[in-house]
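What follows is one structure encoded as C-alpha coordinates, with my remarks underneath.
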Amino acid sequence: GSSYVKWWTEARKLFARAQAWHPESYIAGVIVCGGESDLGGTWDEGRNATESLSNLSKLIDDIRTEWGANIPVVISEIGYQPTDTGVAEFIEAQQQLATGSGNATYEKNLCAYVARPSNFVLTDGTHYDAATNRQRGQDAAAAMAALIAQPAALPGEVPVLAPLITESPGAAGEDEFTYTSDLIAST
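If you want the working numbering, it's the 1-based position in the sequence shown plus 6.
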(Lines of atoms letter the chains of each structure in order from A and count residues from 1; the text may use other names and numbers.)
(Lines give C-alpha, C1' and ligand atoms only; values in the text may rest on other atoms or scores of the structure.)
Protein backbone atom coordinates (compact mmCIF):
# COMPACT_ATOMS: atom_id res chain seq x y z
CA GLY A 1 0.00 0.00 0.00
CA SER A 2 0.93 3.64 0.33
CA SER A 3 3.08 3.08 3.46
CA TYR A 4 5.13 0.50 1.58
CA VAL A 5 5.70 2.89 -1.33
CA LYS A 6 6.62 5.71 1.08
CA TRP A 7 9.09 3.46 2.92
CA TRP A 8 10.85 2.55 -0.33
CA THR A 9 10.91 6.17 -1.51
CA GLU A 10 12.57 7.32 1.73
CA ALA A 11 14.99 4.37 1.84
CA ARG A 12 16.13 5.01 -1.72
CA LYS A 13 16.60 8.74 -1.02
CA LEU A 14 18.71 7.95 2.04
CA PHE A 15 20.84 5.49 0.10
CA ALA A 16 21.27 7.95 -2.79
CA ARG A 17 22.48 10.59 -0.31
CA ALA A 18 24.98 8.12 1.15
CA GLN A 19 26.29 7.23 -2.30
CA ALA A 20 26.62 10.92 -3.22
CA TRP A 21 28.69 11.38 -0.07
CA HIS A 22 30.74 8.26 -0.65
CA PRO A 23 30.20 6.42 -3.97
CA GLU A 24 31.26 3.06 -2.53
CA SER A 25 28.66 3.17 0.26
CA TYR A 26 26.28 0.26 0.60
CA ILE A 27 23.49 -0.85 2.87
CA ALA A 28 24.98 -2.96 5.65
CA GLY A 29 21.66 -3.95 7.19
CA VAL A 30 18.10 -2.87 7.84
CA ILE A 31 16.34 -2.57 11.18
CA VAL A 32 12.57 -2.79 10.95
CA CYS A 33 11.02 -0.83 13.81
CA GLY A 34 7.33 -0.60 13.26
CA GLY A 35 4.05 -2.26 12.70
CA GLU A 36 1.83 -0.39 15.13
CA SER A 37 -0.17 1.20 12.32
CA ASP A 38 -0.23 -2.07 10.42
CA LEU A 39 -1.51 -3.82 13.50
CA GLY A 40 -4.42 -1.42 13.91
CA GLY A 41 -5.41 -1.77 10.27
CA THR A 42 -4.77 -5.48 10.14
CA TRP A 43 -7.46 -6.53 12.56
CA ASP A 44 -9.86 -3.71 11.65
CA GLU A 45 -9.88 -4.99 8.07
CA GLY A 46 -10.45 -8.60 9.12
CA ARG A 47 -6.96 -9.77 8.24
CA ASN A 48 -4.86 -11.93 10.51
CA ALA A 49 -1.33 -12.37 11.81
CA THR A 50 -0.51 -14.79 8.99
CA GLU A 51 -1.17 -12.08 6.40
CA SER A 52 0.99 -9.63 8.36
CA LEU A 53 3.73 -12.27 8.49
CA SER A 54 3.49 -12.75 4.75
CA ASN A 55 3.70 -8.98 4.15
CA LEU A 56 6.78 -8.57 6.37
CA SER A 57 8.39 -11.60 4.71
CA LYS A 58 7.80 -9.98 1.31
CA LEU A 59 9.34 -6.71 2.53
CA ILE A 60 12.49 -8.57 3.59
CA ASP A 61 12.60 -10.36 0.24
CA ASP A 62 12.23 -7.02 -1.57
CA ILE A 63 14.99 -5.44 0.55
CA ARG A 64 17.30 -8.28 -0.39
CA THR A 65 16.36 -8.10 -4.05
CA GLU A 66 17.15 -4.37 -4.04
CA TRP A 67 20.34 -4.35 -1.96
CA GLY A 68 21.71 -7.88 -1.90
CA ALA A 69 20.66 -11.39 -0.96
CA ASN A 70 22.62 -11.38 2.31
CA ILE A 71 21.48 -8.07 3.79
CA PRO A 72 20.99 -8.66 7.52
CA VAL A 73 17.59 -7.66 8.89
CA VAL A 74 16.66 -7.01 12.52
CA ILE A 75 12.99 -6.87 13.52
CA SER A 76 12.35 -4.82 16.65
CA GLU A 77 9.17 -5.67 18.57
CA ILE A 78 6.23 -3.32 18.10
CA GLY A 79 4.53 -1.23 20.77
CA TYR A 80 1.07 -1.83 22.26
CA GLN A 81 0.32 -3.95 25.30
CA PRO A 82 1.56 -7.49 24.65
CA THR A 83 -1.39 -8.92 26.61
CA ASP A 84 -3.88 -7.97 23.88
CA THR A 85 -4.68 -11.08 21.81
CA GLY A 86 -4.13 -9.42 18.43
CA VAL A 87 -0.83 -7.91 19.56
CA ALA A 88 0.41 -11.24 20.92
CA GLU A 89 -0.45 -12.92 17.58
CA PHE A 90 1.34 -10.16 15.64
CA ILE A 91 4.46 -10.44 17.84
CA GLU A 92 4.49 -14.21 17.44
CA ALA A 93 4.18 -13.79 13.68
CA GLN A 94 7.16 -11.40 13.59
CA GLN A 95 9.27 -13.88 15.55
CA GLN A 96 8.71 -16.56 12.89
CA LEU A 97 10.98 -14.66 10.48
CA ALA A 98 14.06 -14.88 12.71
CA THR A 99 16.87 -17.27 11.86
CA GLY A 100 16.42 -20.35 14.03
CA SER A 101 12.65 -19.93 14.47
CA GLY A 102 12.01 -23.33 12.92
CA ASN A 103 9.28 -22.00 10.62
CA ALA A 104 10.08 -23.74 7.34
CA THR A 105 7.88 -21.33 5.35
CA TYR A 106 8.94 -17.96 6.74
CA GLU A 107 12.29 -18.30 8.54
CA LYS A 108 14.88 -15.96 6.98
CA ASN A 109 18.64 -16.32 6.92
CA LEU A 110 20.52 -13.47 8.67
CA CYS A 111 17.38 -12.21 10.40
CA ALA A 112 17.08 -11.47 14.13
CA TYR A 113 14.08 -10.62 16.27
CA VAL A 114 14.62 -8.29 19.22
CA ALA A 115 11.99 -8.32 21.95
CA ARG A 116 11.07 -5.16 23.82
CA PRO A 117 12.98 -4.54 27.06
CA SER A 118 11.35 -6.13 30.10
CA ASN A 119 11.05 -2.70 31.79
CA PHE A 120 9.38 -1.01 28.78
CA VAL A 121 7.16 2.03 29.27
CA LEU A 122 4.38 3.03 26.87
CA THR A 123 3.50 6.71 26.90
CA ASP A 124 0.04 6.34 25.36
CA GLY A 125 -0.66 2.62 25.32
CA THR A 126 1.03 2.26 21.93
CA HIS A 127 4.36 4.14 21.73
CA TYR A 128 7.47 3.69 23.86
CA ASP A 129 8.97 6.45 25.98
CA ALA A 130 12.40 7.90 25.16
CA ALA A 131 14.31 5.67 27.60
CA THR A 132 12.69 2.52 26.21
CA ASN A 133 13.44 3.63 22.65
CA ARG A 134 17.09 4.23 23.52
CA GLN A 135 17.30 0.70 24.96
CA ARG A 136 15.52 -0.74 21.91
CA GLY A 137 18.04 1.03 19.68
CA GLN A 138 20.97 -0.39 21.63
CA ASP A 139 19.49 -3.90 21.56
CA ALA A 140 18.78 -3.71 17.81
CA ALA A 141 22.30 -2.39 17.12
CA ALA A 142 23.82 -5.28 19.10
CA ALA A 143 21.70 -7.78 17.15
CA MET A 144 22.72 -6.14 13.87
CA ALA A 145 26.41 -6.21 14.81
CA ALA A 146 26.11 -9.95 15.55
CA LEU A 147 24.47 -10.58 12.16
CA ILE A 148 27.02 -8.47 10.27
CA ALA A 149 29.86 -10.37 11.95
CA GLN A 150 28.67 -13.61 10.34
CA PRO A 151 30.78 -14.53 7.30
CA ALA A 152 27.77 -14.86 4.98
CA ALA A 153 26.53 -11.34 5.74
CA LEU A 154 28.79 -9.13 3.66
CA PRO A 155 31.71 -9.66 1.32
CA GLY A 156 35.09 -8.16 2.12
CA GLU A 157 35.93 -6.11 5.19
CA VAL A 158 33.65 -5.61 8.13
CA PRO A 159 31.98 -2.26 7.39
CA VAL A 160 32.14 0.88 9.46
CA LEU A 161 28.60 1.59 10.61
CA ALA A 162 27.21 5.11 10.78
CA PRO A 163 23.75 5.25 12.35
CA LEU A 164 22.06 8.59 11.75
CA ILE A 165 20.55 10.09 14.90
CA THR A 166 18.85 13.45 15.20
CA GLU A 167 17.54 15.06 18.34
CA SER A 168 14.05 16.53 18.34
CA PRO A 169 11.93 18.18 21.02
CA GLY A 170 9.74 15.74 22.90
CA ALA A 171 6.21 16.05 24.20
CA ALA A 172 5.82 18.02 27.42
CA GLY A 173 9.55 18.73 27.63
CA GLU A 174 10.57 15.07 27.47
CA ASP A 175 13.76 14.36 25.52
CA GLU A 176 13.15 12.30 22.43
CA PHE A 177 15.37 11.13 19.65
CA THR A 178 14.48 10.30 16.10
CA TYR A 179 16.55 7.36 14.96
CA THR A 180 17.07 6.69 11.29
CA SER A 181 17.07 2.93 11.48
CA ASP A 182 18.86 2.29 8.21
CA LEU A 183 22.56 1.73 8.82
CA ILE A 184 24.80 3.15 6.14
CA ALA A 185 28.24 1.64 5.80
CA SER A 186 31.35 2.15 3.79
CA THR A 187 34.69 0.39 3.74
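Positions of the beta carbon are idealized from the N, C-alpha and C atoms, including for glycine. The structure displayed is predicted, hence computed values, not measured ones.
Considering Cα atoms alone, identify which of the options is closest to residue i.
| i | options | result |
| --- | --- | --- |
| residue 100 | 158, 63, 36, 68 | 63 |
| residue 29 | 21, 36, 35 | 21 |
| residue 131 | 107, 93, 113, 70 | 93 |
| residue 104 | 137, 129, 150 | 150 |
| residue 39 | 106, 65, 31 | 65 |
| residue 34 | 72, 9, 86 | 72 |
| residue 96 | 12, 27, 102, 55 | 55 |
| residue 10 | 158, 32, 31, 58 | 58 |
| residue 60 | 107, 102, 8, 126 | 102 |
What residue does the alpha helix (DSSP H) around residue i start on, and which one ends it?
| i | result |
| --- | --- |
| residue 143 | 136-154 |
| residue 11 | 8-27 |
| residue 69 | 55-73 |
Note down the Cα distance separating residue i from residue j, rounded to an integer number of angstroms.
| i | j | result |
| --- | --- | --- |
| residue 134 | residue 155 | 29 Å |
| residue 74 | residue 23 | 19 Å |
| residue 16 | residue 110 | 32 Å |
| residue 148 | residue 142 | 10 Å |
| residue 122 | residue 25 | 33 Å |
| residue 86 | residue 98 | 14 Å |
| residue 112 | residue 137 | 32 Å |
| residue 77 | residue 14 | 16 Å |
| residue 18 | residue 69 | 11 Å |
| residue 37 | residue 129 | 22 Å |
| residue 27 | residue 139 | 28 Å |
| residue 158 | residue 152 | 12 Å |
| residue 51 | residue 127 | At residue 51 the pLDDT is 48, less than 50, meaning the model places this residue with poor confidence and gives no usable figure here. |
Taking the beta strand (DSSP E) that residue i belongs to, which residues open and close that run?
| i | result |
| --- | --- |
| residue 158 | Looking at the DSSP string, residue 158 is not in any beta strand (DSSP E), and its letter there is neither H nor E. |
| residue 40 | Taken as a continuous stretch (DSSP letters only), residue 40 belongs to no beta strand (DSSP E), as it is neither H nor E. |
Any heavy atom of the ligand MN within a distance shorter than 7 Å of the CB on residue i?
| i | result |
| --- | --- |
| residue 136 | The ligand MN is not part of this structure, which contains no ligands at all. |
Would you verify that the beta carbon of residue i is, or is not, closer than 8 Å to some beta carbon of chain B?
| i | result |
| --- | --- |
| residue 97 | Annotation note: the requested chain B is absent from the structure, which comprises a single protein chain. |
**Study point:** the segment 114-127 touching the segment 75-86, judged by at least three CB pairs closer than 8 Å
**Key:** Yes: at least three Cβ pairs fall under 8 Å.
Exercise for review: Could I get the ranges of all uninterrupted beta strand (DSSP E) runs contained in the segment 83-127, with 3 residues as the minimum, in chain order?
Suggested key: Counting whole runs of 3 or more residues, the segment 83-127 contains the beta strand (DSSP E) stretches 117-120.
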